[in-house]
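If you read the protein sequences in the order shown, they are chains A and B. Heads up, the first sequence is in full-length UniProt numbering, so the first residue is 1 and it goes up one at a time. Heads up, the second sequence is in full-length UniProt numbering, so the first residue is 1 and it goes up one at a time. Working notes, structure below.
Number of protein chains: 2
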Amino acid sequence: MTRLAGSSKLLRAMNASAALAHLLEPGGLTRADLRKLTELSTPTISEVLRRLTEAGLVTVVGHNSGRPGPNAEIYAANPDAAYAAAVSVRDIGASRAPSVVAALCDLTGTVRARIERNVDFLHTDPKDALVEVVAALRDEAGIPEDGIHHVQLGVAGSYDSRAETIRHVDVHGFARPGLVPEIAAALGTRIGVDNDVNLAAIAERRRGVGRDADGFALLWLGQEGLGLAIDIGGTLMRGARGGAGEIGYMPLYAPDSTHRKIDLQDLVGGAAVLALGQDHGITGTTPLEVVTSAAADPGAAGEFFGQLADRISVGLAAVIAVLDPSLVVLAGPVAHAGGETLLAAVTAAVRRAAPLESTIAVTSIDDDAVLLGTLDAGLSAVREALIAEIRDN
Amino acid sequence: MTRLAGSSKLLRAMNASAALAHLLEPGGLTRADLRKLTELSTPTISEVLRRLTEAGLVTVVGHNSGRPGPNAEIYAANPDAAYAAAVSVRDIGASRAPSVVAALCDLTGTVRARIERNVDFLHTDPKDALVEVVAALRDEAGIPEDGIHHVQLGVAGSYDSRAETIRHVDVHGFARPGLVPEIAAALGTRIGVDNDVNLAAIAERRRGVGRDADGFALLWLGQEGLGLAIDIGGTLMRGARGGAGEIGYMPLYAPDSTHRKIDLQDLVGGAAVLALGQDHGITGTTPLEVVTSAAADPGAAGEFFGQLADRISVGLAAVIAVLDPSLVVLAGPVAHAGGETLLAAVTAAVRRAAPLESTIAVTSIDDDAVLLGTLDAGLSAVREALIAEIRDN
DNA sequence: CTATTGCTTAATCAGTTTTACTATTCTAGG
DNA sequence: CCTAGAATAGTAAAACTGATTAAGCAATAG
């Protein structure tokens, strides 16, 4: 419970930070709106807005009209008060996609720059690449040297925030201990790192099917591996060492020793999907191609989807039993390509395996979910930093 | 982030509630201690203590001495300011234990009364039984009619706090929708309901091996079923409908159709433990007896423990992959009886199945963990209610 | 022109802190 | 053993900060 104590200074800081928090939400607010939201009196709201405006965090963005009396001023957070950068790094592997995708947005979330790079991390130090990419973003958006407050990094691995170390990562050079503080020092900004699947879940929470859920589990079916993100009321469960959701390594029960030990990755990882597709005579040289062509002709690929769904339901059943999520989201390239056909098959398979109370859905994000989520995470970090700064300045 | 806003009234309430929160912790505090803890000035501390004392929430419990100057007064929460009652209801099933165990404690956590009943719920309405038990507790402790602020109920089922309904419960009469509000009305107190395994985890967090963990998963191996509780930094994950941790229903992967569908309950539930024991020629007519006699002669029962541990590791592997807990606690009668022998076997089995980073431990609570946890939960509820009451009176 | 609304100014109020002071108790020195 | 001095506990008064209430002025729709 609240153990904050203090004097009138604390009060002022709290009121300013409460107002700023409301102003950071999209859509402008008049003094009257803020009055209702914060339950503060008019003079106090004026005073708070005066200070926030002086600090450059808030600006007048318009005027009300159409009602009697003077036109009320509409305030909103100043878009240029701070910027957040997002960098998504991935193993190129089977797909031929760029290995670095990055974007920059202002305080209102508007994307100001977006670039793609094909960095060869075998011959480039991650720190140098990061610095170069962030500088390029700044150039493209035309933003001053110190404009970026936070750089958020997304990687296909688990991030141990306590040890500040990235683990289980395939991209060369990123597992080096001490890398993250080095990058932070080189960039001169705050830095956040998170698992790509977690970041996709953040995007799903803010713009996708997870928007109104009180919590959900997101199963990521990627070209290579698979992953899980757990959202509880908007916050992600990361586990003791950032390893929560690393279900690819989950061993499966073998009733007797005649079956070799297999894990979930062997069942629904990219290689397994590719092999399953070939068994069913479906064309394609990557998992994504296989599922895409199967989804194009669901009639012929019914058997394929059925078996794939059965395998997916093995993992989902464990997740549902442990977490009881109200919603399960299927995401990642394979799930996106499978679409409604895959969804129907998985729903049926899970219902067969266990009494199902969770809703299952497919991601509704068509753009690069990981990048969008990384941006969202970076933006949240910037906003919280601003609010905290106001609160305990 | 903090969106609280208000005027000096809020400040006073916050300061009072912060002080009360500190005073509710065990051990008395002087004004000087509170000064350091809250960073408030001496006059303010005096004022806050004056108000809290007037409200009867705080009393002087002693005087400092041995240092120069006047003897400082030592303040602490008044034990008799409020009481919490805990009632643990269980299905008698194979064990012959009482079906209702209840206790009452004061605000400092001292147990003032404890009773056991063997209520036949086939012929008694839960509401009537609850009212009777709580009245008996009050009598035994000699506490006035309105002294009990909160009654906490523990049941072997999942509690959906949104629907105020108990699900998956074996005890007759408790699944009836609307029961919980009825009980609350009949008792005239606040009421809390939770799953027995969750409550055992609360006890483990406050008095057991989970004390210093930043999070843990508790696997409950009971006489009948099994369950899981997930503690994240002191708060429990309950899932969308209170069904998180209902891993008994978790279906297991069957690589081909020759194996019938089985779930985890079939593998490590009480009946399975009993059967496994009999297969290995271990004496005993209940799961607890089997494990107890096996643990008495670990040399002869090595094979039994090995196979049991293999089965347990199936469930644990899924839990660890999904949650990445820093600690896994084995609890419940079977685990308690298995002790260090079982622990060693399970640790070995899990290590074989998956790269293990989580520590595994056996519960360190010898008393009725569920009842203790229920008391703890009730006490926390009372304390938070008092703090909140002060805060926004 | 009037009613209504937006916003500011002045006066008041509540709560905390600073400063000053008194009272109490231990320690040290005679 | 007694007493002076130092350190600490707690209170009282005054000053300070920030919020609210009340009053008033300006702007605008109808």
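Note that beta-carbon positions come from the ideal geometry of N, C-alpha and C, so glycine has one too. As the structure is a computational prediction, the values presented were derived from the model and not from experiment.
In whole angstroms, what separates the C-alpha of residue i from that of residue j?
i: GLY208 of chain A; j: ASP231 of chain A; result: 13 Å
i: ALA136 of chain B; j: ALA32 of chain A; result: 55 Å
i: ASP146 of chain A; j: ALA385 of chain A; result: 15 Å
i: ALA353 of chain B; j: ASP324 of chain B; result: 15 Å
i: ALA344 of chain B; j: THR165 of chain B; result: 39 Å
i: ALA163 of chain B; j: LEU153 of chain B; result: 16 Å
i: ALA13 of chain B; j: VAL60 of chain A; result: 34 Å
i: SER293 of chain A; j: GLY302 of chain A; result: 12 Å
i: GLY284 of chain B; j: HIS168 of chain A; result: 46 Å
i: SER364 of chain B; j: ARG138 of chain B; result: 30 Å
i: PRO333 of chain B; j: GLU289 of chain B; result: 10 Å
i: GLY66 of chain A; j: ALA72 of chain A; result: 10 Å
i: ILE92 of chain A; j: VAL131 of chain A; result: 20 Å
i: ARG3 of chain A; j: ARG211 of chain B; result: 21 Å
i: ALA16 of chain A; j: THR30 of chain A; result: 15 Å
i: ASN118 of chain A; j: LEU316 of chain A; result: 34 Å
i: VAL273 of chain A; j: SER88 of chain A; result: 25 Å
i: residue 401 of chain B; j: TYR75 of chain A; result: Nothing about residue 401 of chain B can be read from this structure; chain B reaches only from 1 to 393.
i: THR258 of chain A; j: ILE247 of chain A; result: Here the model assigns THR258 of chain A a pLDDT of 49, short of 50, so the residue's position is not dependable, and the following value carries that caveat. Roughly 24 Å between the two C-alpha positions.
i: GLU39 of chain B; j: HIS63 of chain B; result: 22 Å
Is residue i near residue j, with beta carbons less than 9 Å apart?
i: ALA296 of chain B; j: GLY225 of chain B; result: no
i: THR110 of chain A; j: VAL151 of chain A; result: no
i: ALA369 of chain A; j: LEU264 of chain A; result: no
i: ASN195 of chain A; j: TYR159 of chain A; result: yes
i: ASN78 of chain A; j: LEU57 of chain A; result: yes
i: LEU34 of chain B; j: ALA55 of chain B; result: no
i: SER358 of chain A; j: ASP214 of chain A; result: no
i: ALA84 of chain B; j: ILE183 of chain B; result: no
i: VAL362 of chain B; j: GLU340 of chain B; result: yes
i: VAL382 of chain A; j: ILE360 of chain A; result: no
Could one say the Cβ of residue i lies closer than 9 Å to chain B's Cβ atoms, at least one of them?
i: PRO355 of chain A; result: yes
i: ALA19 of chain A; result: yes
i: SER8 of chain A; result: yes
i: GLU39 of chain A; result: yes
i: HIS22 of chain A; result: yes
i: TYR83 of chain A; result: no
i: LEU276 of chain A; result: no
i: LEU288 of chain A; result: no
i: LEU57 of chain A; result: no
Less than 9 Å between CB atoms is the rule here; does residue i satisfy it with respect to chain A?
i: VAL314 of chain B; result: yes
i: HIS123 of chain B; result: no
i: LEU49 of chain B; result: no
i: LYS36 of chain B; result: no
i: ASN15 of chain B; result: yes
i: SER88 of chain B; result: no
i: ARG3 of chain B; result: yes
i: SER46 of chain B; result: no
i: SER358 of chain B; result: yes
i: ALA272 of chain B; result: no
Would you mind reading off the limits of the beta strand (DSSP E) that contains residue i?
i: THR59 of chain A; result: 58-63
i: SER158 of chain B; result: 158-160
i: ASP106 of chain B; result: 100-106
i: VAL155 of chain A; result: 148-155
i: ALA296 of chain B; result: Per DSSP, ALA296 of chain B belongs to no beta strand (DSSP E); it is in the alpha helix (DSSP H), 287-296.
Could you tell me the boundaries of the alpha helix (DSSP H) in which residue i lies?
i: THR53 of chain A; result: 42-54
i: ILE387 of chain A; result: 369-391
i: ASN198 of chain A; result: 196-207
i: HIS22 of chain A; result: 8-24
i: VAL350 of chain B; result: 333-353
i: SER326 of chain B; result: No alpha helix (DSSP H) contains SER326 of chain B, which DSSP labels as neither H nor E.
i: LEU276 of chain B; result: 270-279
i: LEU34 of chain A; result: 31-38
Is the closest heavy atom of the ligand GDP to the C-beta of residue i under 8 Å?
i: ALA141 of chain A; result: The model depicted lacks the ligand GDP and carries no ligand whatsoever.
Near-chain B residues of the region 224-250 of chain A - C-beta to any C-beta below 9 Å: So the list reads LEU228, ILE230, ILE232, MET237, ARG238, GLY239, ALA240, ARG241, GLY242, GLY243, ALA244, GLY245, GLU246, ILE247, GLY248, TYR249, MET250, given in the order they occur along the chain.
Got a sec: which bits of the region 319-349 of chain A sit with their beta carbon under 9 Å from any beta carbon on chain B, in order along the chain? So the list reads VAL319, ILE320, ALA321, VAL322, LEU323, ASP324, PRO325, SER326, LEU327, given in the order they occur along the chain.
Output, in sequence order along the chain, the residues in the region 213-224 of chain A whose CB is closer than 8 Å to any CB in chain B. Of all residues in the region 213-224 of chain A, those with a C-beta nearer than 8 Å to a C-beta of chain B are ASP214, GLY215, reading in chain order.
The region 66-81 of chain B: positions lying closer than 7 Å to chain A by Cβ: Of all residues in the region 66-81 of chain B, none has a Cβ within less than 7 Å of some Cβ in chain A.
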